[in-house]
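So the structure is just underneath, and the comments pick up after that.
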Amino acid sequence: MIIRAQPRARYAVIGNPIAHSRSPGIHAAFAAQTGEAIEYGTMLAPLDGFAASVERFMTEGGAGLNVTLPFKEQACAWVRQRGGAISPRALAAGAVNTLRFDTGEVLGDNTDGAGLVRDLQERHGVELPGARVLLLGAGGAARGAAQALLGCGVVGLLVANRTPARARQLVAELADQRASAIAWSELSGVTAQLVLQATSAALTGGALQLPAAVFAGRPFCYDMTYAPRSTAFLDQARQAGCHRGADGLGMLVEQAAESFLVWRGVRPQTEPVYRSLRAQLDAA
Ligand code: ATR
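Its first residue numbered 205, the sequence shown is counted upward by one per residue in my numbering.
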């Protein structure tokens with residue numbers, strides 16, 4: 205009897221830069237755990253070559269892609285141009301982080317918000333229904349988070365941004381009376397149960413100028429970025445006496461699991477993968 209190896213469905217994460225991505229390791233762990241026959245690599249696309257890179261991957265038989273910076277908004281536009289389907293959550297975020305090609309049509313989805321909510325609620329026990337949330341930042345990451353939080357029954361969403369006009373624009377787009385924009389200078393008057401750091405300040409090396417009063421009510425502090433051991437924002441929170449918090453490593457694993465579910469119809473267990481990644485990161 206000849207036993208043929210099952211062909212592996214091909215996936216990758218596309219971005220620029222991409223070498224740092226942890227997604228291949230996460231998906232390899234999910235595949236090993238679930239027995240799904242997949243391979244998952246990285247794809248560096250030129251900044252002006254997103255569409256061409258995706259088309260080539262599709263032509264070569266690729267089954268799906270994760271999309272990361274700086275292409276998430278472009279991916280949404282590309283699916284539209286191609287006449288593909290965009291999921292309601294991707295439409296709401298205005299960004300696509302998951303593409304699927306193997307169903308006969310192109311599907312654009314976004315698993316970032318679901319990953320954030322799952323990490324907050326399931327891993328960290330944050331009660332979202334009824335919570336007042338302070339969102340720091342008004343870029344792409346903040347937009348996705350805002351949509352997901354409003355979908356979870358938060359009672360107030362205050363958006364503060366260094367450039368106030370951008371916060372006002374995001375709130376106008378959200379078109380939800382629970383959302384409001386506040387000036388950075390008003391931060392000391394805010395009380396929230398959850399403070400969410402959604403700026404890219406860590407990438408550019410600048411620390412957020414935050415009044416200690418933001419932490420006075422002992423909110424849960426969540427940083428959507430991650431780093432070995434701690435982040436600048438979580439350090440700031442701790443120095444202000446606020447010890448309940450987490451970085452975005454769990455969100456990274458949860459959004460990947462949600463993409464795996466979209467592609468394979470199986471939800472992998474995230475906790476062992478999260479723990480191993482945490483240990484690797486903290487040892488770095
Ligand atoms: P992303 O898709 O990662 O959200 P983005 O759309 O470029 O990236 O948005 C970056 C966000 O981080 C913005 O809210 C930006 O504030 P501005 O709109 O004022 O630029 C915020 N940001 C970046 N560096 C910052 C810093 N040093 N202090 C405060 N906010 C910062």
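All C-beta atoms, glycine included, are put in the ideal place defined by N, C-alpha and C.
Assuming residue i is part of the alpha helix (DSSP H), what are its boundary residues?
i	result
T302	Not the alpha helix (DSSP H): T302 falls in the beta strand (DSSP E), residues 302 to 304.
D486	475 to 487
L374	368 to 378
G229	227 to 238
L354	344 to 354
E277	276 to 285
A436	436 to 443
Could you give the first and the last residue of the continuous beta strand (DSSP E) run that contains residue i?
i	result
R336	336 to 340
C425	424 to 427
D243	Per the sequence shown, residue 243 should be read as Glu rather than Asp. 242 to 248 is the extent of the beta strand (DSSP E) around E243.
L361	360 to 364
Identify whether residue i lies in helix, strand or coil by the three-state DSSP scheme.
i	result
F464	helix
L269	strand
S384	strand
V216	Here residue 216 is Ala; the residue named in the question, Val, does not match the sequence. In this structure, A216 counts as strand in the three-state DSSP scheme.
V394	coil
D316	helix
L456	helix
Q401	strand
D252	coil
V418	helix
A450	strand
L151	Residue 151 is absent from the structure shown; the chain starts at 205 and stops at 488.
L311	strand
A289	strand
V330	coil
Q325	helix
A223	coil
R260	helix
L295	helix
What's the call for residue i, buried or exposed, on a 16-neighbour Cβ count within 10 Å?
i	result
G287	exposed
H224	exposed
G341	buried
D486	exposed
R304	buried
V359	exposed
T263	exposed
P545	Limits of the chain in this structure are 205 at one end and 488 at the other, which puts residue 545 out of reach.
R468	buried
H447	exposed
L407	exposed
To which residues of the same chain is residue i closer than 7 Å at the C-beta, ignoring the five residues directly before and after it?
i	result
E309	G288, A289
G298	E277, C280, R347
A294	C280, V300, G312, D313, N314
G245	A216, P228
P415	L391, S392
Quick one, which of the options has its alpha-carbon nearest residue i's?
i	options	result
S434	L338, L453, Q278	L453
G357	W388, R382, L340, R372	R382
L456	Y430, S480, A402	Y430
I218	I230, G445, T272, V283	T272
A352	F275, A387, A296, C446	A296
R366	A387, E377, L354, A350	A387
A417	L407, V466, Q440, I242	Q440
G449	F419, V470, A350, A318	F419
A249	I242, E243, V258	V258
P432	Q484, A379, C425, V466	Q484
Compute the minimum distance between the beta carbon of residue i and the heavy atoms of the ligand NAD, and state whether it is under 7 Å.
i	result
G265	Absence of the ligand NAD is noted for the structure shown, with the ligand ATR being the only ligands found.
If I measure Cβ to Cβ from residue i and keep anything under 6 Å in the same chain, skipping five residues before and after, which residues do I get?
i	result
R322	E458
D306	A267
L251	N220
T395	G421
Q397	A335, R336, P423
A385	V363, A371, R372, V375
Please go through the same chain and pick out, in chain order, the residues whose beta-carbon is closer than 8 Å to the beta-carbon of residue i, but skip the five residues on each side of it.
i	result
F234	E240, A460, A461, F464, P472, V477
E390	A364
P292	none
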